[in-house]
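Visitor: Quick mapping for you: the protein sequence lines, in order, are chains P and A.
For the first sequence, numbering that gives the first Met the number 0 gives the first residue as 0, with consecutive numbering after it.
For the second sequence, numbering that gives the first Met the number 0 gives the first residue as 0, with consecutive numbering after it.
No residue lacks a Cβ here, since even glycine has one placed at the ideal position from N, Cα and C.
Predicted model only: the values in this text are computed from it and were never measured.
2 protein chains.
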Amino acid sequence: MRTRDENKEAAIREEAIKMIVKAGFDGLSMQKLAKAADVSPATIYIYFKDREDLIIQLWTGEMEKMAAATLEGFDAAMSFEEGLRVQWMNRANYFMNNQLSMHFMEQIKYSPYENLSRKKMNQTFISIQGEFVHNAIKRKELVKLPLEVYWSVAYAPLYQLVKMHMTGRGLAGRDFKLDDKMMEQTLQLVLKALKP
Amino acid sequence: MRTRDENKEAAIREEAIKMIVKAGFDGLSMQKLAKAADVSPATIYIYFKDREDLIIQLWTGEMEKMAAATLEGFDAAMSFEEGLRVQWMNRANYFMNNQLSMHFMEQIKYSPYENLSRKKMNQTFISIQGEFVHNAIKRKELVKLPLEVYWSVAYAPLYQLVKMHMTGRGLAGRDFKLDDKMMEQTLQLVLKALKP
DNA sequence: TTTATAAAAGAACGAACATTCATTTATATT
DNA sequence: AATATAAATGAATGTTCGTTCTTTTATAAA
Chain P
0 MRTRDENKEA AIREEAIKMI VKAGFDGLSM QKLAKAADVS PATIYIYFKD REDLIIQLWT
60 GEMEKMAAAT LEGFDAAMSF EEGLRVQWMN RANYFMNNQL SMHFMEQIKY SPYENLSRKK
120 MNQTFISIQG EFVHNAIKRK ELVKLPLEVY WSVAYAPLYQ LVKMHMTGRG LAGRDFKLDD
180 KMMEQTLQLV LKALKP
Chain A
0 MRTRDENKEA AIREEAIKMI VKAGFDGLSM QKLAKAADVS PATIYIYFKD REDLIIQLWT
60 GEMEKMAAAT LEGFDAAMSF EEGLRVQWMN RANYFMNNQL SMHFMEQIKY SPYENLSRKK
120 MNQTFISIQG EFVHNAIKRK ELVKLPLEVY WSVAYAPLYQ LVKMHMTGRG LAGRDFKLDD
180 KMMEQTLQLV LKALKP
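The following block contains the structure:
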């Protein structure tokens, strides 16, 4: 039998993400995607059940890559400050080096597809985060707070800054570029907020 | 001549937002919208130039309402803590009471329509924010930082929490409900981070 | 009451859509 | 070398899309 050409699937995934980022979900046409990925429309349906399945698979694929990058060099037993710094920097670097992927994930996050994909979220990733926060609170290195509040204070500012950096525009449409100094300053503010 | 029935435009706007929130931008069909708003497809084109114009007008309309609500009782000359608290609470209340609108705005924020709509952003709103931050830094009630860093630390956590509240799910798909106590706690953390 | 005019409607347009069908092609196994 | 089989294709399917055309309807001004 004929063997699969894995390049084809990769090309489809890559072009689909490009297309969604550039033109939104309603800009993702299967026929245009086939043309961009240099395959037949029918070929897409060998690798993906349908349009919705394609989008969900894109999401889970990118999420997994990001989760792996985030946890590099991280250990749930680390001190709060060290652990937060490692994850913060991992995230920041990953986003800065994978802006297309980041943009795609932000787009899907607030779309109706999010509900469909949520159940596929990596459970290990989540439980490591939970353990880390639990440890830090027990050691009194982190104020006592719900997991969601921790998450919001710790990472939402970083996400916001990276998003502004990606578009090149900050508040009031000002030119904006996120640099190391600004990132370090924000991390310090976050630590100040979270340490007892 | 026949007079405009303003209810028609309102119905179109309302149903369009509902439709986008429920099914995303690719779920917004002009013919389905016409049916939902109980008008003819052609009628939509009396009030809106085309589909894109409709979406941009929805965005600017909702933005204006939100900006107005945010500034209620606020004055750029207020002390930092008081001013931040007023805006924080205004935002929180507005979002909690207008979840559909909030959801719609989050969706458009990360879509390609955002670029098209940005230039229409209310400039007064932005300059008031700038003035407030400038004053607070000068009075040494706020650490010296770029406007974007301020914004990210001050409001991104709130947005994140409200979004989780809207979906009813927090981290790891846990049930999540944002209450007054949690909101107050987060505001305190933010103030701690930002005060010198 | 008549007239002028914009609002509103419903049917219709070609274009683009997601998906499938029938056929050809490449390769691992025999 | 022959066979079996899944990959890959291009054309075709019926459907839905955004938008416009022509006609009818309501009302403000005459």
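1. Pull out every residue of the stretch 173–189 of chain A whose Cβ sits closer than 7 angstroms to any Cβ of chain P, in chain order.
2. Identify the contact partners of serine 110 of chain P in chain A, using a Cβ-Cβ distance below 7 angstroms as the criterion.
3. Is the distance from the Cβ of valine 189 of chain P to the Cβ of proline 156 of chain P below 8 angstroms?
4. Pairs of beta-carbons, one from the stretch 71–90 of chain P and one from the stretch 51–59 of chain P, closer than 8 angstroms: are there three or more?
5. Going along the chain, which residues of the stretch 140–156 of chain A sit with their C-beta nearer than 7 angstroms to a C-beta in chain P?
6. Please specify which runs of the alpha helix (DSSP H), each continuous and at least 4 residues long, are wholly inside the stretch 54–119 of chain A, giving them in chain order.
7. Closer than 7 angstroms between beta carbons: that is the criterion. Which residues of the stretch 42–68 of chain P meet it against chain A?
8. If you drop the 5 nearest sequence neighbours on each side, which residues of the same chain put their C-beta closer than 6 angstroms to that of lysine 7 of chain P?
9. Quick one: is lysine 65 of chain A buried, meaning 16 or more other Cβ sit within 10 Å of its Cβ, or exposed?
10. Assuming aspartate 4 of chain A is part of the alpha helix (DSSP H), what are its boundary residues?
11. First and last residue of the alpha helix (DSSP H) that includes serine 126 of chain P?
12. Under the three-state reduction of DSSP, which class applies to aspartate 37 of chain P: helix, strand or coil?
13. Just to check my reading of the structure: phenylalanine 103 of chain A and glutamate 61 of chain A have Cβ atoms closer than 8 angstroms, yes? What is that Cβ distance to the nearest angstrom?
14. Can you have a look at alanine 135 of chain A and say buried or exposed, based on whether 16 or more other CB atoms are within 10 angstroms of its CB?
15. Roughly how many angstroms lie between the CA atoms of glutamate 63 of chain A and isoleucine 16 of chain P, to the nearest whole one?
16. Kindly indicate which three-state DSSP category arginine 173 of chain P falls into: helix, strand or coil?
17. Going by beta carbon distance, what residues of the same chain come within less than 8 angstroms of glutamate 223 of chain A, once the five residues before and after it are set aside?
18. Pick out whichever of A/Ile19, A/Pro111, A/Trp150 has its Cα sitting closest to the Cα of glycine 129 of chain A.
19. Does the beta-carbon distance from threonine 59 of chain P to tyrosine 93 of chain P come in below 8 angstroms?
20. Distance, Cα to Cα, methionine 163 of chain P vs arginine 173 of chain P?
Guide: Taking the geometry as given:
1. Under the 7 angstroms Cβ criterion, the stretch 173–189 of chain A contributes Phe175, Met181, Gln184, Thr185, Leu188, Val189.
2. Against chain A, the beta carbon of serine 110 of chain P has neighbours under 7 angstroms at Gly23, Gln106, listed in chain order.
3. Yes, they are a contact pair.
4. No, they do not touch.
5. Taking 7 angstroms as the Cβ-Cβ cut-off against chain P, the residues of the stretch 140–156 of chain A that qualify are Leu144, Pro145, Leu146, Glu147, Val148, Trp150, Ser151, Val152, Ala155, Pro156.
6. Entirely contained in the stretch 54–119 of chain A, the alpha helix (DSSP H) runs reaching 4 residues are, in chain order, 79–96, 98–108, 112–117.
7. Going along the stretch 42–68 of chain P in chain order, one finds no residue with a Cβ nearer than 7 angstroms to chain A.
8. So the qualifying residues of the chain are Val38.
9. Residue 65 of chain A is actually methionine in this sequence, not lysine. It is buried - the Cβ of methionine 65 of chain A has at least 16 other Cβ atoms within 10 Å.
10. Per DSSP, aspartate 4 of chain A belongs to no alpha helix (DSSP H) and is neither H nor E.
11. Secondary structure note for serine 126 of chain P: its alpha helix (DSSP H) is the uninterrupted segment 122–137.
12. Coil at aspartate 37 of chain P, not helix or strand.
13. A Cβ-Cβ distance of about 6 angstroms is found for the pair phenylalanine 103 of chain A and glutamate 61 of chain A, placing them in contact under the 8 angstroms criterion.
14. With 16 or more Cβ atoms within 10 Å of its Cβ, alanine 135 of chain A is classed as buried.
15. In this structure, the CA atom of glutamate 63 of chain A is about 32 angstroms from the CA atom of isoleucine 16 of chain P.
16. For arginine 173 of chain P, the three-state secondary structure derived from DSSP is coil.
17. The structure shown does not extend to residue 223 of chain A, since chain A is modelled only from 0 through 195, so no value can be given for it.
18. Nearest of A/Ile19, A/Pro111, A/Trp150 to glycine 129 of chain A, Cα basis: A/Trp150.
19. Between threonine 59 of chain P and tyrosine 93 of chain P, the CB-CB gap reaches or exceeds 8 angstroms.
20. Methionine 163 of chain P and arginine 173 of chain P have their C-alpha atoms roughly 10 angstroms apart.
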